[in-house]
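Student: Residue numbers (the working numbering): 1269 to 1681. From the three backbone atoms N, C-alpha and C, an ideal C-beta is built for every residue, glycine too.
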Amino acid sequence: MKSWHEVEVPTIDSSFDFPVLQLTNSASGSKELLVSKPLYRMYVCGITPYDATHLGHAATYLTFDLINRYLRASGSEVRYVQNITDIDDPLLERAKRDGVDWTDLAHQQIDLFRSDMVNLRVIPPADYIGAVDAIPLVTAAIQELSRINSIYSVDEDLYFDVHSDKQFGKRSHLSSDEMLRIFSERGGDPNRVGKAHPLDCLVWMSQRPNEPGWPSPFGMGRPGWHIECTVIAIKYLDPDSNDSALIDIQGGGSDLIFPHHEMCAAQAEVMSRKPLAATYVHAGMIGLDGEKMSKSKGNLVFVSKLLEAGRDPMAIRWALMKSHYRTDRMWTDELLVEAEVEINLLRSFLSGSLVAPTASLIQTIIDSLANDLDTPAVVQAVLTWSSQSQSGGEQTDAKSLLTALDTLLGIKL
Ligand code: ZN
């Protein structure tokens, strides 16, 4: 699958000090320093191509873009891979509801997502892989899991025995009741007759009438959701056998903690006897005007609609950075208006003749990002600098700040 256009990232002055990045690891529940490395492997779960790109998506990809930018600016390389779930029940259900061909819907939504990511200046993944393209990897992984007795069939479908992973559940920390409830809400089938355990997850679904299918050693069918990410992450990030985990960061929205990331981690652990990721990072959910934003409520706010209405993509980024990435938060139009005012003020100072000193501000931005992406502290520091510049600056050259805002925050003014 074609990724989106490269986003130009300027080089920051090497005189700044880059502390080792700290991130909250959802698996441990605590803030942890990343191990300092020349190369990081990061996998972020992509969209299922319908309802793209709502602000919840934007907040998630912005979070991992900030991580990507920080690690690169600090001198490391980042190998970044993302999938796209271009075949799954929700996509087929949406296409059926709207009376459109599912492939047309997927292509149209993938194009929209790519264009939104470019407008938001999100650095593209090196590999952007569709589930359909990953079918040979999925079937090979199922055969491998089958050899170690982790797969069984129910009718013509294949299931992964989650308890073949002794660590199952240890990354998401939920009770059995919570796991069952959330599994059911998020695409699982705990009540299917014939399963060995209600939480076992589907890895291969045999072709249903009037649904697409692809040939495999197990007959015509299509992959389950979780196994797709497991195999794409391992294949395209090409783990280093000296590392204690297969990849450095697995990321996504907090609604992926369970079952999706727990299932991926369990499958990878059984196949490789190693943790899938050293750090699991999750972005909070975005609500609208006091309500949870969801497709069922029909209150999704789309990036493309905001852009069509002439809203500033840099202000959308800025507005999302006003809260910490891990918090569930509300989106309001007032928030975007406030961000637009602040971004315009910043633009005018950066094009003016005299501004407040910039070096200490840039170091504060770096230090705040290093502290678990503390973007509210970044926003506050920039606003303080703006008001200092308003009351009379002493420095004539703001170019280094313009570069830093672009390199570190993706804010190009
Ligand atoms: Zn995923």
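Rounded to a whole number of angstroms, what is the C-alpha to C-alpha distance between Gln1648 and Trp1586?
Tutor: So the two alpha carbons sit approximately 11 angstroms from each other.
Student: So, is Thr1626 buried or exposed, given that buried needs 16 or more other C-beta atoms within 10 angstroms?
Tutor: Classification for Thr1626: buried.
Student: With a threshold of 16 other CB atoms inside 10 Å of the CB of Asp1642, please say whether the residue is buried or exposed.
Tutor: Asp1642 comes out buried.
Student: Would you mind stating whether Asp1468 and Tyr1504 have Cβ atoms separated by less than 8 angstroms?
Tutor: No, Cβ-Cβ distance for Asp1468 and Tyr1504 is not below 8 angstroms.
Student: Please classify Pro1306 as buried or exposed, where buried requires at least 16 other C-beta atoms within 10 Å of its C-beta.
Tutor: It is exposed - the Cβ of Pro1306 has fewer than 16 other Cβ atoms within 10 Å.
Student: Can you have a look at Asp1354 and say buried or exposed, based on whether 16 or more other CB atoms are within 10 angstroms of its CB?
Tutor: Buried: at least 16 other Cβ atoms inside 10 Å.
Student: Using a Cβ-based criterion (distance less than 7 angstroms to any ligand heavy atom), does His1528 qualify as near ligand 1?
Tutor: Yes, Cβ of His1528 sits closer than 7 angstroms to a heavy atom of ligand 1.
Student: Got a sec: does ligand 1 put a non-hydrogen atom nearer than 7 angstroms to the Cβ of Gly1520?
Tutor: Within the cutoff, so yes.
Student: Report yes if the C-beta of Cys1469 is less than 7 angstroms from at least one heavy atom of ligand 1; otherwise report no.
Tutor: The answer is no for Cys1469.
Student: Where Val1569 and Phe1526 are concerned, what is the direct C-alpha to C-alpha distance, given to the nearest angstrom?
Tutor: Their backbone Cα atoms lie some 25 angstroms apart in a straight line.
Student: Of the residues Lys1590, Asp1333 and His1528, which one's Cα is nearest the Cα of Val1497?
Tutor: This sequence places Cys at residue 1497; Val is not what is there. The option with the nearest alpha carbon to Cys1497 is His1528.
Student: Let's test the definition: count the other Cβ atoms within 10 Å of the Cβ of Gln1518 and tell me whether it reaches 16, buried, or not, exposed.
Tutor: The residue is buried, with at least 16 neighbouring Cβ atoms inside 10 Å.
Student: Kindly provide the ranges of any beta strand (DSSP E) runs that are 3 or more residues long and lie completely inside the segment 1525-1556, ordered along the chain.
Tutor: Within the segment 1525-1556, the complete beta strand (DSSP E) runs of at least 3 residues are 1545-1551 and 1554-1556.
Student: For Leu1413, which residues from the same chain have a beta carbon less than 6 angstroms from its beta carbon, with the 5 sequence-adjacent residues on both sides left out?
Tutor: Within the same chain, Leu1413 has close Cβ partners Ile1419.
Student: Pick out every residue whose C-beta is nearer than 5 angstroms to a heavy atom of ligand 1: which are they, in chain order?
Tutor: After applying the 5 angstroms Cβ criterion, the set is Cys1313 and Cys1497.
Student: What is the DSSP secondary structure of Trp1370, counted as helix, strand or coil?
Tutor: It is helical.
Student: Quick one: Cα of Ser1654 to Cα of Ser1616, how far?
Tutor: One C-alpha to the other measures close to 10 angstroms.
Student: Starting from Phe1428, trace the beta strand (DSSP E) in both directions and tell me its first and last residue.
Tutor: That run of the beta strand (DSSP E) goes Asp1425 to Phe1428.
Student: By the 10 Å Cβ neighbour count, where 16 or more other Cβ atoms means buried, how is Ile1634 classified, buried or exposed?
Tutor: Answer is buried; the Cβ neighbour count reaches 16.
Student: Expressed to the nearest angstrom, what Euclidean distance is found between the alpha-carbon atoms of Gly1552 and Ile1335?
Tutor: Their backbone Cα atoms lie some 15 angstroms apart in a straight line.
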